[in-house]
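There are 2 protein chains.
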Amino acid sequence: MTPMTRPTIDEVARLAGVSIATVSRCLHTPDIVAAKTRDRVLGAVRQTGYTLNAAAQSLRQRRSNAVLVVVPDIGNTFFSEILGGIEAEASAAGLTMLIGDTGRMKPREDAYVRYLLNGRADGALLLADPQAAWFDIPTLNALGIPPIVTISEVGPDSGPVTVSIDNEGAAHVAVSHLIAQGHRRIAHVAGPESNILTAQRVAGYRRAVAEAGLTPERELEFPGDFGLAAGRAAFDRFRALSDRPSALFFANDEMAMGFLSTAYAAGVRVPRDVSIIGFDDIHFAQSCIPALTTIRQPRAEMGATAMRLLLQIIAGEAPASVRLPYDLVIRGSTAPV
Amino acid sequence: MTPMTRPTIDEVARLAGVSIATVSRCLHTPDIVAAKTRDRVLGAVRQTGYTLNAAAQSLRQRRSNAVLVVVPDIGNTFFSEILGGIEAEASAAGLTMLIGDTGRMKPREDAYVRYLLNGRADGALLLADPQAAWFDIPTLNALGIPPIVTISEVGPDSGPVTVSIDNEGAAHVAVSHLIAQGHRRIAHVAGPESNILTAQRVAGYRRAVAEAGLTPERELEFPGDFGLAAGRAAFDRFRALSDRPSALFFANDEMAMGFLSTAYAAGVRVPRDVSIIGFDDIHFAQSCIPALTTIRQPRAEMGATAMRLLLQIIAGEAPASVRLPYDLVIRGSTAPV
DNA sequence: TTCTTTGATGTAATCCTTTTCATAAATCAT
DNA sequence: ATGATTTATGAAAAGGATTACATCAAAGAA
């Protein structure tokens, strides 16, 4: 509507009979102003309903008090739970959280780089796949761009500070769990080809298979894309095999859930006929039928940790990257052969 | 790190041998500047790597080119899918999307009101429950605060412009579906007491029951809170009843999923032993076992519509509130008695 | 008493754009 | 060729805060 001009610091100053400098001081460093004056000013602030103009402040201070979080898909549970952790930490530090959803589209990604360059944010948290030609973090750092911390999808180009888990190790643990239950023929449903996590989890799968002395078979490595539909497709592929595996390791929970429902509909029972294990431990993994055995990633903590690292960088420190622990969560979807 | 001073418009102007006014014009209204000059300026922009300072722009233009979206819980799938719709529309309009997660906590909510007052956003989209004493929209409007559109949780205090579905009607449709299948004893698992949606859906349930000439029974209205655990608790309550209902209507899908898995573990089969119907049609509703019959809310469209309405208000128009259509999605969790 | 220090406040520069208004040059009509 | 338009550019005034520096009064030291 009518942008009905909001009160400025001048009006407060006039009403309180002081200079604008004093008003500013009352708001930011109240201790250095005389108690009597302060009360008068604060009274004037209340009376006028004054709130400071964020743009003016940020122009003068040369910082925005905001962080940009770049997400490839905000509708995805996995990411949104990380956001919770970031938000908590950011708002505790007085920072606004800006969210950019790229939908994995290049032009949108570019738009968010511009945000950073425009000074709209003091730093960025990246949940996006750096593989996706986002931008070259080392180069940007050299340009004097605000600092960036990469979360979860961490590869060689992710820049100096990252937060992740040991995906290769976790995948190894998952597959080893299946092997410990006597499974000898184990398939893997991978993530999207271009994603750095895919390679890491495939590597863990292969190592576990190799260490157990099983024969690695390429036909047991199914393609996927982290979506429900890929899980369903994996079931079709599974059923088409003449020599079916007795267990599958999925690169994420969502695909495992897609498999689960399709298998059920087709009369294949989990874990009686086939064991499955997921990755991530998303919220709904506990309420699958049967509940999903999976690798838990500490999502909220990953977000919070990354935010803390970013704050440290902004403060001029040079923190090291962090590896967070993961857990194997054993539920009902895996059983001995 | 070192905030290595970024190039300003002055440097571009100097390099191109023009005034800063011309540089600004080249960036915003290229047509009114001579082609020759324009090329020279644009060249200088590229050469310096100039990007405009968002704070300065926003100070001068008296608008922030950002929208604030207030969410009660960002980890919740239901909300995050609405965000997708908002984001698409916002970025198309050149607006930044700021997300505020209140965690349903008053101090955090207050903080976001302040954002608006600080001019950090040109308008707000509210997914929060206005019941939660957020703030009084009519009052704030009188204060000349940026415009606000409320989505989904719409009640009498939601202000002049809202986007929602007919919750009472949808609940009525859901329950009627059960009745049409011959169910005569139907329970309802409600949402959190304070939530406006709870009342609306309960009302639809009661009306359907009454219209079918069934006896309304208070013990068939179970309390809930939209969480998985509430669904599990509902199962316990269900099983404790001497005269068990043959069907349940859940105020949302998540609770239905909680019920489903607990029922399965206890040997109660859906829909053989009991039919259930959810609400929302969240992503995973299709991959439950059995797939969940539910009411589909057009989440992405709700977000997009709300964003469009907000843009209209900002542009000075006075659009009316919107009611979007819902669908009954029949899947495998409901069957004749 | 006089000089120093401390404490409280004010003055004014600065942050970087956008935009109004004025000016100068170029085009056109007559 | 002269005056009337039109077009392209520049000068300068906002826009609303923060903060280095200056000032002034009061308090303390000698």
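As they're listed, the protein sequences go chains S and D.
If you read the first sequence in numbering that gives the first Met the number 0, its first letter stands for residue 0, the second for the next number, and so on.
If you read the second sequence in numbering that gives the first Met the number 0, its first letter stands for residue 0, the second for the next number, and so on.
Virtual Cβ for every residue (Gly too), placed ideally from N, Cα, C.
Remember, predicted model here, so these are calculated numbers, not experimental data.
- Contact between F221(S) and R236(S) holds: their C-beta atoms lie close to 5 Å from each other, under 8 Å.
- One alpha carbon belongs to S90(D), the other to M96(D), and they sit about 8 Å apart.
- In this structure, the CA atom of N251(D) is about 16 Å from the CA atom of T261(D).
- For the set D38(D), H27(D), A20(D), G122(D), the Cα lying nearest the Cα of M306(D) is the one of G122(D).
- DSSP places S23(S) inside the alpha helix (DSSP H), whose first and last residues are 19 to 27.
- Leaving aside the five residues that flank V17(D) on each side, the residues in its chain whose CB is nearer than 8 Å to its CB run, in chain order, T36, R39, V40.
- Think of a sphere of 9 Å around the beta carbon of R113(S): the chain D residues whose beta carbon falls inside it are T50, in chain order.
- In the three-state reduction of the DSSP assignment, F278(S) falls in the coil class, being assigned neither a helical nor a strand state.
- Using a CB distance cut-off of 7 Å, S260(D) counts as an interface residue toward chain S.
- Bounds of the alpha helix (DSSP H) holding G84(D) are 76 to 91.
- Excluding sequence positions up to five before and after T161(S), its CB lies within less than 6 Å of the CB of T149, V153, S320, all in the same chain and listed in chain order.
- Residue pairing by DSSP places D100(D) opposite V70(D) in a beta bridge.
- DSSP links A123(D) through a beta bridge to L67(D), I147(D).
- For V174(D), the three-state secondary structure derived from DSSP is helix.
- Here R231(D) has G257, T261 as same chain residues with Cβ atoms under 6 Å from its own Cβ, once five neighbours each way along the sequence are excluded.
- Under a criterion of Cβ atoms nearer than 7 Å, no residue of chain S is adjacent to D9(D); the nearest Cβ is some 15 Å distant.
- Inside the segment 199 to 261 of chain S, DSSP marks whole beta strand (DSSP E) runs of 3 or more residues at positions 246 to 249, from first to last along the chain.
- Here V69(S) is near L125(S), since their CB atoms are less than 7 Å apart.
- With 16 or more other Cβ atoms inside 10 Å of its own Cβ, A15(S) counts as buried.
- With 16 or more neighbouring CB atoms inside 10 Å of its own CB, H282(S) falls in the buried class.
- Within the DSSP secondary-structure output, H187(S) pairs in a beta bridge with E220(S), F248(S).
- Contact between A265(S) and G83(S) does not hold, since the beta-carbon distance rounds to 36 Å and is not under 8 Å.
- What I98(D) touches in chain S, judged by beta-carbon distance under 7 Å, is M96, I98, going in chain order.
- 7 Å or more divides the Cβ of S163(D) from the Cβ of G74(S).
- From the beta-carbon of Y263(S), the residues of chain D found nearer than 7 Å are I288.
- Against chain D, the CB of T76(S) has a partner CB under 7 Å away; the residue lies at that interface.
- Rounded to whole angstroms, the Cβ separation of Y204(D) and V174(D) is 5 Å, and the two are in contact under 8 Å.
- Proximity of E152(S) to chain D, defined by a Cβ-Cβ separation below 7 Å, is not satisfied.
- Cβ atoms of H182(D) and S245(D) come within 8 Å of each other, at about 5 Å.
- If you check the CB distance, A255(D) and L219(D) do not come in under 7 Å.
- Per DSSP, L323(D) is not a residue of any beta strand (DSSP E), being assigned neither H nor E.
- At the C-beta level, Y325(D) and I294(D) come within 7 Å of one another.
- Under the Cβ distance rule, M104(S) does not count among the residues neighbouring chain D, no pair being separated by less than 7 Å.
- Around the beta carbon of D280(D), 16 or more other beta carbons sit within 10 angstroms, so the residue counts as buried.
- Judged by their CB atoms, N52(D) and G118(S) are nearer to each other than the 7 Å cut-off.
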